[in-house]
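Position one of the sequence shown corresponds to residue 1 (our numbering), numbered consecutively onward. Single-structure report; data block below.
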Amino acid sequence: MALRSRRGTSPLPTAHHGTDLLGRCIVFAWALVVGALLFAGGRAEAQKLPEGNSCIDCHRGIGDPRVTPPAEKFPQDIHLAKGILCQDCHGGDPRNFDPKGSMNPAKGFIGKPKHQAIPQLCGKCHSNAAYMKKFNPTIRVDQVQEYLTSVHGRKLREGDQKVATCISCHDVHNIRAIKDQQAWTYPVKVVETCGRCHGDAKYMEGYKIATDVVDKYKKSVHYEALTKKGDLSAPTCNVCHGNHGATPPGVDSVANVCGTCHSLTADFFNQSPHKKAFAAMGLAPCVTCHSNHDVTKPSDTLVGTDQQAVCVNCHDPASAGYQKAAAIRTSLDELRGAVQRAAGILDRAEHAGMEVSQAKFELRGATDALLKTRATVHRFDPVAIRNLSDEGVQVANKMYDKGVKAMDDLRFRHRGLWISVGIILVAIAGLVLKIREIDRRRG
Ligand code: HEC
Ligand code: HEC
Ligand code: HEC
Ligand code: HEC
Ligand code: HEC
Ligand code: HEC
Ligand code: HEC
Ligand code: HEC
Ligand code: HEC
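So this is what it looks like as structure tokens:
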């Protein structure tokens, strides 16, 4: 394999033969560089194209819309920044300015690679650990191997021309570093990248899979957290489906991916009677109640025996599950009611100018219990919820009593105030009468 990189070795300075001071200077210099990069917003700077490369010079100068765009897009490409040029992917002779001599199959020129051949083309470097580690000691080299396990990779090998290959997700001639905010794989850009195919019903015609996945995902709490709150820990398509493989690392099936982030909830679910029951019915643990793409914000109304509750989808009134669902909902309602009642009176007292900050602080004991119930619901155990609820209701009622006392104090103060006002008014009236009497006597 001939890898004709301009810079075959690592461009990073190595510190091992420097003195301590030199080492620190280098670290400092790199910190400055990294700082500057972060300051630039994670955006890669356009590189200067090298002079004297016949591929670049001719393709750029020729002004032919079929062949000029690659050279024009290339200044943004990570490969250029690493010294990798046209001939490293396409072959040919970059020192020969005659098209026949330059784009010569005898010089390894392959032309435009076929759709089917793209993974191998990228893999000639990206699957070569010894080569890649020279540039980046921590970069993964399993992309092609993983890709071949995915539906995309399997179908490509069967001759499907429409599935995603490396360049469908990374672009071509404008391949950006993963950290670059302009990269097609940057978290907030992924929806658009996958959506180019999976959101296009016409393109996906003939495949037996849903094409509303993108629209649905855009309605989810996850998309909202990612785009509105800028929470990059919320999952987008590739986080659940894997970057390259059939599933993300450490997950046996995509349907089990939720627990990688919502681990407490998943632990509770695994202790619950549903664990075995769902497995026996072939149902996925989380998506059965929450769905996969349009995961919305859940609330207490999902539990219980009303029409909106998910429980009644499976439990009929005669079952133990139904009775227990009703019991869980009753405990939740009691706790929520008690917290609202206490918070209400403390708010009123505060607005009236009473000092209730300590009681408001202590009420957190009850709101915390309420928060805990939301995950604990996944034990589907009425006793566990009852215990949390009792604990929270007790705190809430105590704080409610403090609120009542504050309002009583307020009423007492008001009464005192009116009495004083009355006494003052009577005194003033007396004074006025006295003054009039004196005036009359003088007159
Ligand atoms: C003197 C101008 C010139 C030089 C030098 C040149 N090319 Fe081209 N290249 C062209 C033109 C014109 C076309 C389109 C006409 C054609 O298909 O032959 C083309 C086509 C291509 C294609 C598309 C071929 C296809 O199968 O569709 C690739 C890829 C390519 N060049 C890469 C290179 C690389 C890599 C080099 C350097 C090793 C190079 N070119 C050097 C002018 C040039
Ligand atoms: C990292 C590998 C890589 C590098 C570097 C690269 N190319 Fe390409 N190039 C590809 C791949 C892959 C395709 C096929 C794109 C497709 O199927 O749409 C391609 C396609 C092309 C085409 C055909 C475009 C078309 O739409 O028919 C031309 C022309 C071309 N490259 C020229 C260049 C030139 C000039 C350079 C250097 C400035 C260059 N390439 C650098 C991978 C590369
Ligand atoms: C279906 C979309 C998709 C396809 C197809 C795809 N990638 Fe990726 N690739 C991604 C995503 C998403 C990331 C990770 C982005 C992140 O970590 O934020 C990634 C990351 C990478 C990285 C950075 C190192 C790493 O593994 O995290 C390399 C290198 C890479 N891909 C190369 C390839 C190659 C080579 C192919 C073809 C065999 C390929 N990709 C196919 C979406 C894709
Ligand atoms: C000639 C060798 C070579 C070929 C061929 C090649 N790459 Fe790369 N690629 C590299 C090197 C070297 C890097 C820089 C790695 C680093 O320093 O992190 C890189 C970086 C990348 C990155 C950014 C990784 C990151 O961690 O930010 C992506 C994505 C990528 N390549 C995708 C591709 C795709 C897609 C193809 C095929 C169209 C391809 N590469 C072909 C050598 C190659
Ligand atoms: C170039 C178009 C294209 C792009 C881009 C693309 N896909 Fe696909 N994808 C397909 C096609 C076509 C299939 C094959 C459907 C089939 O045969 O069932 C497929 C299959 C899948 C499947 C398997 C569905 C099933 O159950 O059979 C998943 C999951 C998937 N893609 C996820 C993604 C994700 C996630 C992304 C973005 C990171 C993505 N795809 C990007 C075209 C694309
Ligand atoms: C929170 C995790 C999650 C996210 C985010 C996610 N998916 Fe899915 N997706 C799933 C699960 C779970 C399934 C069901 C897979 C199964 O049962 O094996 C699925 C199924 C699919 C399927 C197959 C649909 C079918 O009809 O068979 C496609 C295609 C797909 N997802 C694409 C996407 C795309 C594109 C995105 C981004 C817009 C995305 N997914 C975001 C978890 C997710
Ligand atoms: C990569 C981590 C990750 C994965 C995987 C993931 N989530 Fe989430 N999930 C989050 C984040 C982050 C939030 C947003 C928390 C917030 O802002 O309130 C969230 C929010 C939620 C919420 C709303 C929580 C609330 O308090 O309103 C539900 C329900 C949810 N996810 C269910 C799921 C399901 C079901 C799956 C699997 C199909 C899943 N999640 C996969 C990270 C993840
Ligand atoms: C039988 C139905 C059901 C199943 C199965 C289920 N959930 Fe829930 N989930 C609910 C209900 C009901 C709520 C709302 C509880 C509330 O607000 O009172 C909820 C709330 C949530 C919340 C928001 C509360 C919190 O803890 O932040 C998340 C996140 C969540 N579920 C994730 C999951 C995950 C992950 C799984 C799989 C391990 C799962 N759920 C399985 C019914 C279910
Ligand atoms: C997808 C169907 C399904 C949904 C939705 C569902 N369950 Fe179940 N549940 C089952 C099955 C199956 C069993 C085991 C057989 C049985 O006991 O009925 C079970 C068992 C239970 C049990 C144990 C019953 C016992 O014997 O002690 C409880 C409690 C329970 N579910 C509560 C709930 C609650 C609360 C909800 C709503 C948040 C709910 N379930 C939603 C299917 C479901």
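By construction, the Cβ of each residue, glycine as well, lies at the ideal position given by its N, Cα and C atoms.
Heavy atom of ligand 5 within 7 angstroms of residue i beta-carbon
i	result
N238	yes
H262	no
Residue i beta carbon near ligand 3 (any heavy atom closer than 7 angstroms)
i	result
T138	no
T165	yes
Endpoints, alpha helix (DSSP H) assigned at residue i
i	result
A325	320-351
M281	273-281
A183	Unbroken run through A183: none, as it is neither H nor E.
I424	382-442
Q459	The structure shown does not extend to residue 459, since the chain is modelled only from 1 to 443, so the question has no answer here.
C465	With the chain covering only 1 through 443, there is no way to say anything about residue 465.
I175	Per DSSP, I175 belongs to no alpha helix (DSSP H) and is neither H nor E.
N238	237-241
Y203	It is not in any alpha helix (DSSP H) - Y203 carries neither H nor E in the DSSP assignment.
Residue j beta carbon less than 8 angstroms from that of residue i
i	j	result
Q122	V144	According to the sequence displayed, residue 122 carries Cys and not Gln. Closer than 8 angstroms, so yes.
G92	K107	yes
A375	L264	yes
T373	L363	no
H244	S102	no
K297	V221	yes
H378	F268	yes
N313	P285	no
V191	C237	yes
H315	A325	yes
H90	F109	yes
A338	G392	yes
P235	G242	no
Proximal residues to residue i (C-beta, below 6 angstroms), its chain only, five neighbours per side dropped
i	result
I56	L49, A71
A266	G259
C86	C55
Y217	Y223, H293
V163	H152, K155, L156
T193	C169, W184
Residue i Cβ short of 7 angstroms to ligand 2 heavy atom set
i	result
H241	no
L85	yes
R157	no
F74	yes
Residue i CB to nearest heavy atom of ligand 7 below 7 angstroms
i	result
V188	no
Cβ shell of residue i (< 7 angstroms), same chain only, five flanking positions each side left out
i	result
I178	T185
I175	D77, I78, H79
D98	none
T19	In this predicted model, T19 has a pLDDT of only 46, less than 50, meaning its place in the structure is not dependable enough to derive any value.
I345	Y400, G403, V404, M407
I167	I118
A201	T211
G195	V214
Cβ-based neighbour list, residue i, same chain, cut-off 8 angstroms, excluding 5 preceding and 5 following
i	result
D300	R329, L332, D333, R336
P11	Note that P11 scores 35 on pLDDT, short of 50, meaning its location in the model is unreliable and no value can be drawn from it.
L37	Any reading at L37 must be qualified, since the residue scores a pLDDT of 49, below 50, and its modelled position is unreliable; the value itself is stated next. Around L37: no qualifying Cβ.
Residue i Cβ short of 7 angstroms to ligand 6 heavy atom set
i	result
V254	yes
beta-carbon residue i near ligand 8 non-hydrogen atom, thresh 7 angstroms
i	result
L335	no
C258	yes
beta-carbon residue i near ligand 4 non-hydrogen atom, thresh 7 angstroms
i	result
V172	yes
> Pick out every residue whose C-beta is nearer than 7 angstroms to a heavy atom of ligand 9: which are they, in chain order?
Replying inline: P273, H274, A277, F278, M281, L283, T288, C289, L302, V303, A309, V310, C311, N313, C314, H315, S319, A320, G321, K324, A325, I328, V377, F380, D381, P382
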